[in-house]
Amino acid sequence: MSDPGIKCVVWDLDNTIWDGVLLEDVTVRLKPRIPEILEALDRRGILHSIASRNDYDHAMAKLREFGIAEYFLYPEIGWDAKSIAVDRIKQNINIGYDTLLFVDDQPFERDEVASTHSEVWCLDSRHYLDLLDHPRLQPKYVSRDSALRRRMYLDDIARDKERKEFVGPKESFLRQLDIVFEITEAEESDLVRAEELTYRTNQLNATGEKYTVESLDALRQDGRHKILICELTDKYGSYGKIGLALLELSPESWKLKLLLFSCRVLSTGVGTVLLTYLRHAAREKGVRLLADFRDTGRNRMMRAAYMVAGFTEKEHGNDGTVLLENDLTHTPPMPDYLKTVSNVDWRRG
Amino acid sequence: MRAKIRSVIENNLNVFDSDVEFSDDDNIFRKGFVDSLFAVQLLDYLEQEFRIKISSQDLNIDNFYSVNRIISFVEEKRRQDGGTSA
Chain A
1090 MSDPGIKCVV WDLDNTIWDG VLLEDVTVRL KPRIPEILEA LDRRGILHSI
1140 ASRNDYDHAM AKLREFGIAE YFLYPEIGWD AKSIAVDRIK QNINIGYDTL
1190 LFVDDQPFER DEVASTHSEV WCLDSRHYLD LLDHPRLQPK YVSRDSALRR
1240 RMYLDDIARD KERKEFVGPK ESFLRQLDIV FEITEAEESD LVRAEELTYR
1290 TNQLNATGEK YTVESLDALR QDGRHKILIC ELTDKYGSYG KIGLALLELS
1340 PESWKLKLLL FSCRVLSTGV GTVLLTYLRH AAREKGVRLL ADFRDTGRNR
1390 MMRAAYMVAG FTEKEHGNDG TVLLENDLTH TPPMPDYLKT VSNVDWRRG
Chain B
572 MRAKIRSVIE NNLNVFDSDV EFSDDDNIFR KGFVDSLFAV QLLDYLEQEF
622 RIKISSQDLN IDNFYSVNRI ISFVEEKRRQ DGGTSA
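As you go down the protein sequences, you meet chains A and B in turn.
Read in order, the letters of the first sequence correspond to residues 1090 to 1438 in the working numbering.
Read in order, the letters of the second sequence correspond to residues 572 to 657 in the working numbering.
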């Protein structure tokens, strides 16, 4: 299996982003082409963060002076071990270790990170000029959502800040976010994003299947499938297109061949909302609701989502696929802490 | 075991206001807002704390929807595994 694409670059500062050591020399100078590299990767949807041993305020002021501070999400500037900094960044962004790249000029720091997180790619910063051409930093798909990724994480930070300050039950917190969850049938223009989702969301993919734009387009038009795409918006802005479901339709049953969500929307519970929505639709139509699940070692969350939504195991396939079925008898009402909007026409197909 | 399981639910399931009581038979998944994030945390916790292995076949909401259901499930699981008591 090839190495997964990098989703976030974690940069050291002294002698990596700039020449010199800030604590010893306030006149440090940016290394050549740093702003250009940050910007180009940002546009590809690759995020940036920082793991640096420095005084936080001092280093941030310097980054602002250079006009590059806004590129860095969840910067870890302080005196902790870099493995701990990388850990926190990974938790905050909610991505796998194997999608992180750590760039540092000091072998000690790279070894320290590598010794704790063997999956993190640790790179000597003298190779930073080659980053733009490295295959792991060339995402196969750059959709509108990728270019906006940093913006969306910044909205997340604002949400999270409010969540921490909010005292009270989770549902009341969610309620005041004015969440709108939109479920639509994928159009041709959604397919690049749909394909991107199947390649990016490893932890939240119920079967681990990946689909290309061409295969999705063929399924979309064969009359036996529906591709649903989900978008989430709240008072802070749009999360973009964050969920995908592929349904195989027959007169007797609907089968979820694929269900996936972006890890960014985990805490909003929309996975369960989509499944509840489908349970109502299937019940109304009078068809059985089935789902394929395959344990990829990383997607227990999706199995739990199916469980919470009342799916149980029916049979085990030879290829490791498990067929789940929903009994549809105790379908709860749609939750009212968010507004669900859908234009899907279930009479057709 | 009962106290441990209750406290995990109380601490992680923010849906309950601090003054709201829930009984050991209440359906925690239906009573309030429970997402798969909590469910997966609960599964991980039960496996670690009570040294059981929860298989894909066990993932039926009937096993986990109340404190009493969880306790019976864990006890049954330990019997099957001949596991040591924690």
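Backbone N, C-alpha and C define an ideal beta-carbon position, used for all residues, glycine too.
Bear in mind that the values here come from a model prediction, so they are computed numbers and not experimental data.
Pairwise C-alpha distance: residue j and residue i
i: residue 1146(A); j: residue 643(B); result: 53 Å
i: residue 611(B); j: residue 1219(A); result: 40 Å
i: residue 652(B); j: residue 1211(A); result: 42 Å
i: residue 1101(A); j: residue 1242(A); result: 21 Å
i: residue 1406(A); j: residue 1180(A); result: 34 Å
i: residue 1263(A); j: residue 1175(A); result: 29 Å
i: residue 1317(A); j: residue 1274(A); result: 5 Å
i: residue 620(B); j: residue 1373(A); result: 42 Å
i: residue 1144(A); j: residue 1202(A); result: 20 Å
i: residue 1159(A); j: residue 1188(A); result: 21 Å
i: residue 1109(A); j: residue 1234(A); result: 36 Å
i: residue 1142(A); j: residue 1415(A); result: 52 Å
i: residue 1384(A); j: residue 1410(A); result: 8 Å
i: residue 1161(A); j: residue 1340(A); result: 51 Å
i: residue 1093(A); j: residue 1225(A); result: 7 Å
i: residue 1297(A); j: residue 1359(A); result: 19 Å
Sequence-distant residues of the same chain with beta carbon closer than 6 Å to residue i, five excluded per side
i: residue 1119(A); result: 1107 and 1155
i: residue 1237(A); result: none
i: residue 1098(A); result: 1137 and 1190
i: residue 1207(A); result: none
i: residue 646(B); result: none
i: residue 1322(A); result: 1269
Closer than 7 Å to chain A by CB, residue i
i: residue 645(B); result: no
i: residue 611(B); result: yes
i: residue 658(B); result: As displayed, chain B neither begins before 572 nor continues past 657, which places residue 658(B) out of reach and without an answer.
i: residue 656(B); result: Low confidence applies here, because residue 656(B) scores a pLDDT of 49, under 50, leaving its location unreliable and the question unanswered by this model.
Other residues of its chain near residue i: CB distance less than 8 Å, five sequence neighbours each side excluded
i: residue 1301(A); result: 1284
i: residue 1355(A); result: 1183, 1293 and 1390
i: residue 1366(A); result: 1272, 1423, 1429 and 1431
i: residue 639(B); result: 595 and 596
i: residue 1434(A); result: 1274
Chain-ordered chain A contacts of residue i [CB-CB under 8 Å]
i: residue 640(B); result: Neighbours of residue 640(B) on chain A: none; closest Cβ ~13 Å, over 8 Å.
Any chain B beta carbon closer than 7 Å to residue i
i: residue 1399(A); result: yes
i: residue 1389(A); result: yes
i: residue 1402(A); result: yes
i: residue 1372(A); result: no
i: residue 1393(A); result: yes
i: residue 1244(A); result: no
i: residue 1156(A); result: no
i: residue 1360(A); result: yes
Chain-ordered chain B contacts of residue i [CB-CB under 7 Å]
i: residue 1355(A); result: 608
i: residue 1421(A); result: 601
i: residue 1209(A); result: In chain order: nothing, as chain B lies at least about 23 Å away.
i: residue 1269(A); result: Near residue 1269(A) there are no residues of chain B at all, since even the closest Cβ is about 17 Å away, more than 7 Å.
Closer than 7 Å at the beta carbon, the chain A residues around residue i
i: residue 632(B); result: 1396, 1397 and 1399
Chain B residues whose Cβ lies nearer than 9 Å to that of residue i
i: residue 1384(A); result: 627
Whole-number beta carbon distance between residue j and residue i, since they are thought to touch under 8 Å
i: residue 1324(A); j: residue 1266(A); result: 6 Å
i: residue 1327(A); j: residue 1281(A); result: That pair is no contact at about 17 Å.
i: residue 1268(A); j: residue 1357(A); result: 6 Å
i: residue 1196(A); j: residue 1133(A); result: Actually they do not touch by this definition, with Cβ atoms about 28 Å apart.
i: residue 1363(A); j: residue 1332(A); result: 6 Å
Residue i: CB within 6 Å of a non-hydrogen atom of the ligand HEM
i: residue 1244(A); result: Ligands in the displayed structure: none, and consequently the ligand HEM is not present.
Nonlocal neighbours in the same chain, by C-beta distance under 7 Å from residue i, ignoring five residues either side
i: residue 1338(A); result: 1313, 1314, 1315 and 1438
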